[in-house]
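Everything on this sheet refers to the single structure shown next.
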Amino acid sequence: MPFKSYTVSMFSLVRFSPSIKGILFALVSTALFTVVGAMVRVLSDSSMSAFQILLFRQLVFFTVLLPSIWVNWSRLLRPKHLKLHVVRIAGAFTALILGFIVVAAIPLANATALGFTQVLFVALLSRIVLGEDVSWQRKATLIIGFVGVMLVVQPSFEVEHYSIVCSV
1 MPFKSYTVSM FSLVRFSPSI KGILFALVST ALFTVVGAMV RVLSDSSMSA FQILLFRQLV
61 FFTVLLPSIW VNWSRLLRPK HLKLHVVRIA GAFTALILGF IVVAAIPLAN ATALGFTQVL
121 FVALLSRIVL GEDVSWQRKA TLIIGFVGVM LVVQPSFEVE HYSIVCSV
């Protein structure tokens, strides 16, 4: 049985197994990335810059996270690893702005296919940054996955397609 159900008044609280939760979070994440990609595409077609779109995205997320920020305010003012937080924020900003530029500049299907290379780069960086062992099977999978994405996208490497280079 994948879940246990508890009833509290009119609502049913469901406790899912960690595997089911992971699958649900992955599905919701994929759906939200798709919605955000489509919204970025529509907004960029209406002459909004990627920076403006990113600003409004951050305002929405700040509003959603405001209750959590309020509850944890004192802990947020004393980060344990400030330099790592700064590096993470800079990396997230760079990834978001380049991702928005790519979605605005190339077809959404190609941008989505290129987004799937994220997993490949996480595996590659796990070796470089964390020193994880990368077996020959994983290396072969990374190469095959990257070749597969390139076959789907079929970049022409012309100057006007600089966005593909930004996304990778």
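With the first letter of the sequence shown counted as 1, position 72 gets the number 72 in full-length UniProt numbering; the numbers rise by one all the way through. Glycine is no exception: its CB is placed at the ideal position from the N, C-alpha and C atoms.
Pairwise C-alpha distance: residue j and residue i
i, j, result
"residue 106", "residue 119", "21 angstroms"
"residue 110", "residue 152", "8 angstroms"
"residue 13", "residue 67", "At residue 13, the pLDDT of 42 sits below 50, so the modelled position is not reliable and the matter cannot be decided from this model."
"residue 55", "residue 89", "14 angstroms"
"residue 138", "residue 74", "42 angstroms"
"residue 63", "residue 82", "23 angstroms"
"residue 44", "residue 104", "6 angstroms"
"residue 53", "residue 84", "26 angstroms"
"residue 6", "residue 15", "Its pLDDT being 45, under 50, residue 6 is placed unreliably by the model, and the measurement read from it follows with that caveat. Looking at the two C-alpha atoms, the distance is approximately 8 angstroms."
"residue 70", "residue 79", "16 angstroms"
"residue 108", "residue 38", "8 angstroms"
"residue 125", "residue 132", "9 angstroms"
"residue 92", "residue 36", "16 angstroms"
"residue 31", "residue 58", "18 angstroms"
"residue 127", "residue 134", "7 angstroms"
Residue i - partner residues in DSSP beta bridges
i, result
"residue 146", "BP columns for residue 146 are empty, so no partner."
"residue 88", "Residue 88 pairs with nothing; no bridge assigned."
DSSP state of residue i mapped onto helix, strand, coil
i, result
"residue 78", "coil"
"residue 116", "coil"
"residue 13", "Note that residue 13 scores a pLDDT of 42, beneath 50, so its modelled location is shaky; the value from the coordinates is reported in the next line. Three-state result, residue 13: strand."
"residue 5", "Confidence at residue 5 is low in this model, with a pLDDT of 49, below 50, so the placement of that residue should be treated as unreliable; the coordinate-derived value is given next. In the structure shown, residue 5 sits in a strand (DSSP, three-state: E or B)."
"residue 45", "helix"
"residue 122", "helix"
"residue 134", "coil"
"residue 58", "helix"
"residue 97", "helix"
"residue 106", "coil"
"residue 154", "coil"
"residue 159", "Note that residue 159 has pLDDT 48, beneath the 50 cutoff, so the model's placement of it is unreliable and the number below is only indicative. Here residue 159 sits in helix by DSSP."
Presumed contact (8 angstroms Cβ cut-off) between residue i and residue j, rounded CB distance
i, j, result
"residue 40", "residue 100", "5 angstroms"
"residue 114", "residue 149", "7 angstroms"
"residue 117", "residue 146", "6 angstroms"
"residue 97", "residue 51", "7 angstroms"
is_contact[residue i, chain C] using C-beta, thresh 9 angstroms
i, result
"residue 52", "Absent from the structure is chain C; it holds one protein chain and no more."
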